[in-house]
Each structure stands twice: as structure tokens, then as C-alpha cells.
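Colleague: Basically this note's numbering = 1-based index in the sequence shown + 1. We put the beta carbon where it would ideally sit given N, CA and C, even for glycine. Note that this is a predicted model, so its numbers are computed, not measured.
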Amino acid sequence: MATVSTIVQGEPAMLELGELVGIRCQQQQLVIFLNGDLGMGKTTLCRGILRAFGHKGPVKSPTYTLVEPYNFDSSIVYHFDLYRLGDPEELEYMGIRDYFDEDNTLCLLEWPEKGGQFLPKADIAINITLTPGGRIVELVGYSKAGDKLVKQLQ
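#1: Give, in chain order, every unbroken run of the alpha helix (DSSP H) that is at least 4 residues long and sits entirely within the segment 117 to 145.
#2: Going by other Cβ atoms of all chains shown within 10 Å of its Cβ, with 16 needed for buried, is Asp-185 buried or exposed?
#3: Could you spell out where the alpha helix (DSSP H) holding Leu-154 opens and where it closes?
#4: On the CB-based measure, 16 or more other CB atoms within 10 Å of its CB, does Arg-98 come out buried or exposed?
#5: In the DSSP assignment, what are the bridge partners of Tyr-79?
#6: Rounded to the nearest angstrom, what separates Glu-91 and Lys-61 at their Cα positions?
#7: Look at the Cβ atom of Val-151, then the Cβ atom of Val-141, and state whether they are nearer than 9 Å.
#8: With burial defined as no fewer than 16 other Cβ atoms inside 10 Å of the residue's Cβ, what is the status of Met-1: buried or exposed?
#9: Between which residues of its own chain and Asn-143 is the CB-CB distance below 8 Å, once the five residues before and five after are set aside?
#10: From Glu-54 to His-80, what distance separates their C-alpha atoms?
#11: Report back the beta-carbon spacing between Gln-155 and Arg-25 to the nearest angstrom; my notes put them in contact at under 8 Å.
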């Protein structure tokens with residue numbers, strides 16, 4: 002289980018970290034859990050990851066739709082926000098498992114703890130906590146692919 006931790010100060014630095022992560026996620030099938038309180042920068046980090054894939058437009062948190070797909074030439078990134086999920090079983094009704102079975106997909110999940118048993122295990126967990134003057138961002142690999150990616154960021 003590889004782990005790397007860094008202090009990020011400000012939105013531009015969070016975007017830059019997201020881009021670094023996104024570059025290493027190319028051409029892989031990964032599940033990334035984003036953990037942190039409201040306002041910690043989870044969506045900003047997702048925006049940076051999507052920039053690495055070539056996305057130029059705005060990135061909104063899919064709080065009400067639960068998932069926002071981003072289609073690229075050779076992959077799809079699914080951005081989930083489960084904050085307003087009433088019951089984890091709702092994920093089963095929306096066919097959540099299908100999102101994780103596609104090749105070359107990156108699934109970014111904000112508030113994964115609300116998904117319970119209906120979510121697969123994470124390849125990487127990104128934990129964001131507040132520190133004076135910024136955020137502590139910890140990346141933890143939970144699979145072979147996740148460990149490899151986290152080690153590349155050290």
C-alpha cells in the first residue's frame with residue numbers, strides 16, 4: 002500500500018496536482034475515491050484530472066445528477082458525487098456497476114462512503130484535510146495499479 006502526502010496551497014496548486022494525477026491515469030481502468038469535508042477541493046482536483054485528459058470547459062460537481070460523463074478519444078471519465086444520495090441502494094437502480102465494467106474508464110467518486118457495498122474497492126483513495134494555510138492531500142494506493150500510480154507521484 003503506497004502512500005504519498007503533500008501540502009497544497011490554493012486552487013491553482015490543487016488543479017496542478019489534479020493534472021499530475023490525471024496524466025498518470027491515462028489508458029487505465031481505475032476507481033479513485035475522493036474523501037474530505039465540504040469545501041476541501043475535491044471537485045477542483047477532479048477539474049485538474051479532467052484537464053489532463055484534454056477537457057477545456059467547466060467542471061461542476063454532479064451533486065443532483067450523481068454522475069457526469071466526460072468522453073475523450075480513447076477513454077471516458079465518470080465523475081460521481083454521492084453527497085445527496087438518500088440510500089446506497091439507489092445506485093443499484095441506476096446501474097452503477099455498468100460504469101465500472103467498461104474498458105479505459107476512470108471513475109472519480111466524491112463522498113464514496115455514501116455508496117456502501119454498491120461500489121467496487123478503490124484503486125486509489127485521495128484524502129483531503131485542512132491544515133493552516135492549505136490542504137493536506139494524501140494519496141493511498143489499494144491495488145497494484147493504484148500503488149504504481151502513487152509511487153510515480155513520490
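Modeller: Inspection of the coordinates gives the following:
#1: As far as the segment 117 to 145 is concerned, it has no whole alpha helix (DSSP H) run of at least 4 residues.
#2: Absent from the structure is residue 185, since the part of the chain shown begins at 2 and ends at 155.
#3: Neither: Leu-154 is in no alpha helix (DSSP H) and is coded neither H nor E.
#4: Note on Arg-98: under 16 other CB atoms within 10 angstroms of its CB, so exposed under the neighbour-count rule.
#5: Answer is Pro-70 and Cys-108, bridged to Tyr-79.
#6: Approximately 21 Å, taken between the alpha carbons.
#7: Inclusion of Val-151 and Val-141 in the CB contact set at 9 Å is warranted, their separation being smaller than that value.
#8: Any answer about residue 1 is impossible in this case: the structure gives the chain only from 2 up to 155.
#9: The residue you asked about is not Asn; residue 143 is Tyr in the sequence shown. The beta carbon of Tyr-143 sits closer than 8 Å to the beta carbons of Met-2, Lys-122, Ala-123, Asp-124, Ile-125 and Ala-126 from its chain, once the five residues preceding and following it are set aside; these are given in chain order.
#10: For the record, residue 54 in the displayed sequence is Phe; it is not Glu. Taking the straight line from one Cα to the other gives about 13 Å.
#11: Taking C-beta atoms under 8 Å as the contact rule, Gln-155 and Arg-25 fail to qualify, at a distance of about 12 Å.
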